[in-house]
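One point on numbering: in my numbering, the residue at position 160 of the sequence shown is 495, and numbering is uninterrupted. Think of the CB as a built atom: it goes at the ideal place given N, C-alpha and C, for glycine as much as any other residue. Note that the structure is predicted; figures quoted are calculated from it, not measured.
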Amino acid sequence: MVRKKVLLVASLALLASPAFADQKMELANEGKQVIGAFAKALKGELIGAMKTGGPSHAITVCNVKAPAIASEVSEDRGWIVARSSHKLRNSKNAPDEFTRATIEEFLARQDKGEKAADLAKAAIVEENNKRVFRLVKAIPTGKVCLNCHGSGEVKPDTADALMKLYPEDQARGFTLGEMRGVFTLQKVLSE
Numbered sequence: 336m337v338r339k340k341v342l343l344v345a346s347l348a349l350l351a352s353p354a355f356a357d358q359k360m361e362l363a364n365e366g367k368q369v370i371g372a373f374a375k376a377l378k379g380e381l382i383g384a385m386k387t388g389g390p391s392h393a394i395t396v397c398n399v400k401a402p403a404i405a406s407e408v409s410e411d412r413g414w415i416v417a418r419s420s421h422k423l424r425n426s427k428n429a430p431d432e433f434t435r436a437t438i439e440e441f442l443a444r445q446d447k448g449e450k451a452a453d454l455a456k457a458a459i460v461e462e463n464n465k466r467v468f469r470l471v472k473a474i475p476t477g478k479v480c481l482n483c484h485g486s487g488e489v490k491p492d493t494a495d496a497l498m499k500l501y502p503e504d505q506a507r508g509f510t511l512g513e514m515r516g517v518f519t520l521q522k523v524l525s526e
């Protein structure tokens, strides 16, 4: 019991140290670059699909190419890169506990007037006996996103494509600028 208390005190002292704060800031900056790489690659694919086949064609990018891009960026950068939401389109993107709690926090902050584009959270946590850096960044709804995620009427061919790929789709009803999901990253720091 005493040993656990000593470990807890030592852990808290470490977390309060300037070196820890520097490490967290470094990791947050690195994570933002990883998100940028993922977002840029995904956006490029979506724009290309929109130009060649419209929104119904872009849905295939989210279904097939987005997971492949996330895997590629994860492998290249040494991070686990994913997307999630409070209104899921794909159940494979369901949030883990940390991401779920962060999404709830972001929704509350958004309700108080914060812009989705400004919502981010970085933390070093203990998960499965490992120190893990976590970064969650909100994804604001852009103008082009409204074609498939908006609160207005979705075109019939887009609605059909969504229904085929995502029969339990909940990812609609968003307005411009509103958080429609998050990028969620993890990097294991120690085993």
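- When DSSP assignments are scanned along the region 409-435, the uninterrupted stretches of beta strand (DSSP E) that are 3 or more residues long and fall wholly within it turn out to be 415-419.
- Just so you know, the alpha carbons of Ala506 and Lys422 end up roughly 5 angstroms apart.
- If you check the CB distance, Ala363 and Leu454 do not come in under 8 angstroms.
- If you check the CB distance, Val467 and Val408 do not come in under 8 angstroms.
- Using a C-beta cut-off of 8 angstroms, the region 436-449 makes no contact with the region 493-510, since fewer than three inter-stretch Cβ pairs fall below that distance.
- Per DSSP, the continuous beta strand (DSSP E) segment holding Leu470 begins and ends at 465-475.
- A direct Cα-Cα distance of roughly 10 angstroms separates Met498 from Asp492.
- Beta-bridge partners of Glu461 (DSSP): Arg466.
- In this structure Gly512 does not touch Ile474 by the C-beta definition: roughly 11 angstroms separates them, more than the 8 angstroms allowed.
- The beta-bridge partner set that DSSP reports for Phe518 consists of Arg418, Lys472.
- Here Pro390 is buried, its C-beta having at least 16 other C-beta atoms within 10 Å.
- Relative to Ala401, the option among Gly379, Lys472, Trp414, Gly413 whose CA is nearest is Gly379.
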